[in-house]
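As numbered in this note's numbering, residues 6 to 137 make up the sequence shown, in order.
For glycine and all other residues, C-beta sits at the position ideal for the given N, C-alpha and C.
The next block holds one structure in the form of structure tokens; read it before the comments.
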Amino acid sequence: MQPLRYRFWWIAGGVVMALAVIVTSLLPAADLPSVQLWDKFEHAFAYFALAAWFGGAVRPDRYLRLALVLVALGIAIEIAQGTMGFGRTADLRDVLANSVGIAIGLIVALLGVSGWMRGVERAFGAALPTAD
């Protein structure tokens, strides 16, 4: 597998996404715009996006570790929501929805989409030069 030339920036983009999930999960519910989707779908989609993003940045042999980190993130957020008192509550069903999103994201990556970042780099001419 060819290494990512701009791996740092890909990871940084994923960290920004994760921070967005953390902030929107911890803000008081009244301060957030209403998206009008089923709450569990929103959770699953957010964690699907994180899993698919990071699934493109790490090797498939590290997907289990990635899944565990993302599940731990979701659990930590739920614990924080339960203790903050900003109109948020901890919900085990949110952890389950997050986990479903993570699983779907990594399954999609395993089914051949995991190289999408390399494809973007190749499309924009950023691939590493090959040895002659």
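Residue i and residue j closer than 7 Å at C-beta
i	j	result
Glu-83	Val-100	yes
Gly-110	Phe-53	yes
Trp-58	Gly-120	no
Asn-103	Gly-124	no
Ile-27	Leu-75	no
Met-122	Gly-61	yes
Phe-91	Pro-33	yes
Ala-95	Gly-87	yes
Val-63	Leu-71	yes
Local conformation of residue i per DSSP, three classes
i	result
Leu-31	helix
Thr-94	coil
Phe-129	coil
Gln-86	helix
Gly-19	helix
Tyr-11	coil
Asp-137	Unreliable placement is indicated for Asp-137, whose pLDDT of 44 sits below 50; the coordinate value is still reported in the next sentence. Note: Asp-137 maps to coil in three-state DSSP.
Host alpha helix (DSSP H) of residue i (start-end)
i	result
Ser-104	97-113
Tyr-52	44-62
Gly-117	Gly-117 -> no alpha helix (DSSP H), and no H or E assigned at all.
Residue i at chain D interface by Cβ criterion, 7 Å
i	result
Ala-49	As a matter of chain content, chain D is missing from the structure shown, which is built from one protein chain.
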